[in-house]
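A.B. asks:
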Amino acid sequence: MEESRIERATDYITKLFQGNGDGHDLAHSLRVYKNALMIAEMEGQGEEEIIALSALLHDCDDHKLFHTENNANARRFLEQEGLSEERIEAICRNINSVSFSKNRGKVPESIEGKIVQDADRLEAIGAIGIARCFQFGGSHGRSLENSIEHFYEKLLLISKELNTPAARKMAEKRDKLMQDFLKEWGEEMN
């Protein structure tokens with residue numbers, strides 16, 4: 001994997017996400033990247049550069065943040081980097097498979113897509129997931145109760161839909177933490 005390309009991708013998304021405070025930002029993308037590389041290593045599968053670029057660029061055309069079509073922001077970077085059309089398409093397929101709401105119950109075809117989908121979903125659970133849930137809710141004017149509902153509508157369902165054994169193992173502790181948090185929340189609210 002070409003490290004300078006990863007650095008350029010990081011610079012690109014740094015500029016793209018500048019000023020965003022709802023949890024879909026550079027720090028989130030870097031954690032997804034780290035999760036993806038960890039899962040790939042644990043699974044012993046997948047092409048590292050495809051996984052890395054898919055993870056780093058996975059939110060750069062997110063409909064909640066950008067009004068782009070056909071992965072325009074991701075494609076712009078990948079084309080500037082001189083990647084083949086085949087590699088660009090593979091990365092865009094992976095990016096398109098990440099969204100929980102758009103892909104509920106759908107399993108990506110490639111191992112790289114499965115790994116990146118799992119990496120992003122792991123980022124939505126556990127301590128980071130709890131913090132991001134309230135960060136997103138607060139930045140969109142939602143009540144605490146509305147954010148708590150999100151746990152039952154999405155976050156507690158995630159670990160059951162992970163693709164890889166490595167991600168399922170990583171999710172166990174995170175799931176327990178969320179369940180403990182919700183139990184404590186319920187006790188304090190009563």
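Each residue of the sequence shown is one higher than the one before, starting from 1 at the first, in this note's numbering.
C-beta: ideal position from N, C-alpha, C; glycine also.
Here the structure is a predicted model, which means the values were calculated and not measured.
I need the straight-line Cα distance from L57 to A90, nearest angstrom please.
C.D. replies: Residue numbering aside, residue 57 sits at position 57 when the sequence shown is read from its first letter. Residue numbering aside, residue 90 sits at position 90 when the sequence shown is read from its first letter. In a straight line, the C-alpha of L57 is about 13 Å away from that of A90.
A.B. asks: DSSP state of S154, grouped into three classes?
C.D. replies: Residue 154 sits at position 154 when you count from the first residue of the sequence shown. At residue 154 the sequence reads Lys, which differs from the Ser that was named. Correct three-state label for K154: coil.
A.B. asks: So what does DSSP say about C92, is it helix, strand or coil?
C.D. replies: Locating residue 92 in the sequence shown gives position 92, counting from the first residue. DSSP places C92 in helix when its eight states are reduced to three.
A.B. asks: What residue range does the alpha helix (DSSP H) around V107 cover?
C.D. replies: Working through the sequence shown from its first residue, we reach residue 107 at position 107. From DSSP, V107 is part of no alpha helix (DSSP H); its letter is neither H nor E.
A.B. asks: With a 10 Å radius around its C-beta and 16 neighbouring C-beta atoms as the bar for buried, classify Q80 as buried or exposed.
C.D. replies: Here residue 80 refers to the residue found at position 80 when the sequence shown is read from its first residue. Q80 should be labelled exposed.
A.B. asks: Terminal residues of the continuous alpha helix (DSSP H) containing L177?
C.D. replies: By 1-based counting over the sequence shown, the position of residue 177 is 177. Where L177 is concerned, the enclosing alpha helix (DSSP H) stretches over P165 to M189.
A.B. asks: Would DSSP call R142 helix, strand or coil?
C.D. replies: Taking the sequence shown and counting its residues from 1, the one referred to as residue 142 is at position 142. In the structure shown, R142 sits in coil (DSSP, three-state: anything other than H, G, I, E or B).
A.B. asks: Classify G105: buried if its beta carbon has 16 or more other beta carbons within 10 angstroms, exposed otherwise.
C.D. replies: Here residue 105 refers to the residue found at position 105 when the sequence shown is read from its first residue. The residue is exposed, with fewer than 16 neighbouring Cβ atoms inside 10 Å.
A.B. asks: Between D118 and T164, which are expected to be in contact by the criterion C-beta below 8 Å, what is the C-beta distance as a whole number of angstroms?
C.D. replies: Within the sequence shown, numbered from 1, the residue matching residue 118 stands at position 118. Within the sequence shown, numbered from 1, the residue matching residue 164 stands at position 164. Their Cβ separation, rounded to whole angstroms, is 5 Å, which keeps D118 and T164 in contact under 8 Å.
A.B. asks: Measuring alpha carbon to alpha carbon, tell me which residue in I51, V98, Q45 and A40 is nearest R5.
C.D. replies: Numbered from its first residue, the sequence shown carries residue 5 at position 5. When each option's Cα is compared against that of R5, the closest is I51.
A.B. asks: Taking only the alpha-carbon atoms, compute the straight-line gap between E3 and E48 and give it to the nearest angstrom.
C.D. replies: The sequence position of residue 3 within the sequence shown is 3, counting from 1. The sequence position of residue 48 within the sequence shown is 48, counting from 1. One C-alpha to the other measures close to 11 Å.
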